[in-house]
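**Student:** Counting in our numbering, the sequence shown runs from 175 upward without gaps.
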Amino acid sequence: SPPIVPRSIPSSSRGRRGRLPLLLLGIFCLLSACRTSSMEYRGRMEPDLYRGDFTTLLEDLKGAAAAYGEKDRLLWYLDLCAVAHYAGAYRESNDFCQAAAQRIEELWTKSIREEAAAMLADDRALSYRGTFYEHNFLHTIGMLNYLLLGDEEEALVEARKLDERIDLLLQQEDDIRYQDPLGRYLSALIHESTGAFDDAFIDDRLAFEAYRLQREIYGIPIPRELANDLLRMARKSERYEEERHYRQTYSIEGGKDPFAHRYGELVIVVECGFSPYKIPKVEKKGLKRTLPAFFDRPPYVHYVRARAIGSDRVVGSATLLDLGRIARVDLDHRIARIVRRSTGRALLEASVTLGARQLMGPAAALLLGGILLPSGEADLRCWSTLPARVLMLRLPLPPGRHGVALKFYSSYNSEIFREYLADIPIESGRRTFRVIKTP
175 SPPIVPRSIP
185 SSSRGRRGRL
195 PLLLLGIFCL
205 LSACRTSSME
215 YRGRMEPDLY
225 RGDFTTLLED
235 LKGAAAAYGE
245 KDRLLWYLDL
255 CAVAHYAGAY
265 RESNDFCQAA
275 AQRIEELWTK
285 SIREEAAAML
295 ADDRALSYRG
305 TFYEHNFLHT
315 IGMLNYLLLG
325 DEEEALVEAR
335 KLDERIDLLL
345 QQEDDIRYQD
355 PLGRYLSALI
365 HESTGAFDDA
375 FIDDRLAFEA
385 YRLQREIYGI
395 PIPRELANDL
405 LRMARKSERY
415 EEERHYRQTY
425 SIEGGKDPFA
435 HRYGELVIVV
445 ECGFSPYKIP
455 KVEKKGLKRT
465 LPAFFDRPPY
475 VHYVRARAIG
485 SDRVVGSATL
495 LDLGRIARVD
505 LDHRIARIVR
515 RSTGRALLEA
525 SVTLGARQLM
535 GPAAALLLGG
545 ILLPSGEADL
555 RCWSTLPARV
565 LMLRLPLPPG
575 RHGVALKFYS
585 SYNSEIFREY
595 LADIPIESGR
605 RTFRVIKTP
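So this is what it looks like as C-alpha cells:
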C-alpha cells in the first residue's frame with residue numbers, strides 16, 4: 175500500500191518523499207544480503223573440532239560454501255585449509271591455502287561500495303579480509319604441509335611468500351608485531367638441512383630478533399635451540415664477528431650440533447587447541463554500542479616430553495607461538511578504529527532517524543531504524559580454527575627407523591595422555607618433520 179503522507183507536507187514534495195520508504199527498503203535488502211551467514215554454521219563445527227573428527231568435518235565443510243556466503247569466502251578457504259591440515263590431507267590443504275592467498279589479493283584493494291555499506295550498517299557488510307597474523311600463518315601451514323609431504327623446495331617457496339608479505343606490511347608500518355618468528359625458524363631449519371648455511375643464518379637471526387623484541391608483547395621466550403642454531407650457523411657461514419656479538423651480548427653458550435656423529439634430527443610440531451573466538455561485548459556508557467571481544471579457549475596441553483625408544487634422553491617442548499595472545503593484542507590495536515566507526519554509525523543512526531521522523535513521520539522513522547539497527551552489532555568473524563599455541567620438540571637421532579614415545583601435560587603438570595610415533599625414518603644430516611594436533 176502507498177505510504178501515508180501527513181497533510182502538512184506540500185503536495186509538490188509528496189512524490190519524491192513517497193519514494194523514500196521504497197528506497198530505504200531497497201537499502202535494507204542490500205545490507206541484509208551483505209551480512210555474514212557463516213557464524214551459525216561455524217558454531218556447529220565446535221563438537222567435531224574437539225572430537226578430532228577432522229575427516230568428516232572436512233567433507234561437510236567442502237559443501238558449506240553457501241552457508242559462508244560470498245562475503246565470507248576467504249573465511250571458508252581458511253577453515254578448509256586448517257581442517258584439511260589437521261585431517262592429514264596436506265595436498266588439499268595446500269590447494270585451499272592457495273585459494274585463500276588468491277582471495278586475499280583480490281580483496282587487497284578496498285571496495286568503495288562495501289565501505290559505504292559498512293558505514294550505513296556495520297563491518298559485517300564488508301568482505302572478510304583477515305588479519306596480518308592470519309595471512310602469515312596461512313604460509314606457515316603451507317610450509318608444514320610441504321614438509322610433511324617431503325617437498326622442501328616448495329616449503330621454501332612458501333617461506334619466500336611469507337617474507338614478501340612481511341616486507342609489504344613493514345613498508346606500510348614499521349611494527350615488530352608483523353614479524354613471524356615461527357615461519358623464519360622453520361625456514362632456517364630447512365636451509366640448514368639442505369646445506370644453505372648463509373640463508374639459515376639470516377632466518378635464524380630474523381627469528382631470534384623477532385622473539386627478542388616480541389617477548390614483552392606476547393611473553394614467549396627465545397627458544398634455546400634457536401639461540402644455539404644462530405651461533406652454529408654464524409660459524410658455518412664464517413660470520414665470526416656476529417657469532418661473538420650474540421654470544422657475549424645475550425650470554426649464549428652454544429649447544430651440541432644435532433648433526434654431529436652423522437646424526438639426523440626429528441622435529442615434532444605440536445598444534446595445541448584452538449584459538450579464541452569473538453563474542454559481543456555491550457558498552458552501556460554513553461552511546462550504546464556492541465564491540466567484539468575474544469573469548470579464550472585454553473588448550474588442554476601445556477607442554478610435551480618425548481623419548482626415543484632405546485634411549486634414556488628425554489626432550490621437552492618449547493613454546494614457539496601463542497596465537498591466542500597474538501589475536502588479543504591485535505584486536506587491542508584495532509579497537510580504537512572499531513570504536514570510531516561504531517560511534518560514527520550510532521551518531522548517523524540517531525541523526526537520520528530524527529530527521530526521518532520530522533520529515534516523514536513515525537512509520538518511516540521506524541523503518542529506517544530497522545535498517546540501521548544492525549549498526550550496534552559487532553563483527554565477530556575470525557579464523558578460530560587456528561591452533562591456540564604451537565610447540566616444538568627436536569630429537570637428534572642416529573640414521574635408521576625409530577619409535578618415539580610422547581607424554582602430554584596440562585598447565586598443572588599432570589599427565590593427560592600419551593602417544594607413540596612408530597617407524598620414523600631418520601637420515602644422516604637431514605631433518606624429518608612430524609605434526610601432532612591436540613585438543
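Idealized CB from N, CA, C, for every residue including glycine.
1. Check whether the Cβ atoms of glycine 447 and proline 473 lie closer than 8 Å to each other.
2. Which residue comes first and which comes last in the beta strand (DSSP E) that contains alanine 480?
3. Is methionine 566 helix, strand or coil when you go by DSSP?
4. In angstroms with no decimal places, state the Cα-to-Cα distance between arginine 247 and leucine 560.
5. Go ahead and pull the three-state DSSP assignment for threonine 230.
6. What did DSSP end up calling leucine 560 once you bin it into helix, strand or coil?
7. Note down the Cα distance separating phenylalanine 375 from aspartate 297, rounded to an integer number of angstroms.
8. May I have the straight-line CA-CA distance separating arginine 568 from isoleucine 442, to the nearest angstrom?
9. Out of Phe270, Leu252, Gly498 and Leu231, state which residue places its alpha-carbon closest to the alpha-carbon of tyrosine 392.
10. Quick one, are the C-beta atoms of alanine 562 and serine 449 less than 8 Å apart?
11. Is the region 342 to 353 close to the region 362 to 369, with three or more CB pairs under 8 Å?
12. Can you check whether the CB of isoleucine 396 is closer than 8 Å to the CB of arginine 406?
13. Rounded to the nearest angstrom, how far is the Cβ of tyrosine 215 from that of tyrosine 242, given a contact under 8 Å?
14. Quick one: is alanine 207 buried, meaning 16 or more other Cβ sit within 10 Å of its Cβ, or exposed?
15. Pull the bridge partners of valine 444 from the DSSP assignment, please.
16. Would you decide whether threonine 314 is buried or exposed? Buried here means 16 or more other CB atoms lie within 10 Å of its CB.
17. Compute the distance between the beta-carbons of tyrosine 320 and glutamate 332, then report whether it is under 8 Å.
18. In terms of residue numbering, what span does the beta strand (DSSP E) encompassing aspartate 496 cover?
19. Note the first and the last residue of the continuous alpha helix (DSSP H) segment covering tyrosine 424.
20. Could you compute how far the alpha carbon of aspartate 470 sits from the alpha carbon of methionine 213?
21. Can you tell me which residues form a DSSP beta bridge with proline 599?
22. In three-state terms, what does DSSP make of glycine 316?
23. Look at the Cβ atom of phenylalanine 382, then the Cβ atom of leucine 404, and state whether they are nearer than 8 Å.
**Tutor:** By the coordinates alone:
1. yes
2. 477 to 482
3. strand
4. 17 Å
5. helix
6. coil
7. 43 Å
8. 6 Å
9. Gly498
10. yes
11. no
12. no
13. 7 Å
14. Unreliable positioning characterises alanine 207 in this predicted model, as indicated by a pLDDT of 45, which lies under 50. The coordinate reading is nonetheless provided below. By the neighbour-count rule (16 or more Cβ atoms within 10 Å), alanine 207 is not buried but exposed.
15. Leu565 and Ile610
16. buried
17. yes
18. 492 to 496
19. It is not in any alpha helix (DSSP H) - tyrosine 424 carries neither H nor E in the DSSP assignment.
20. 17 Å
21. Arg575
22. helix
23. yes
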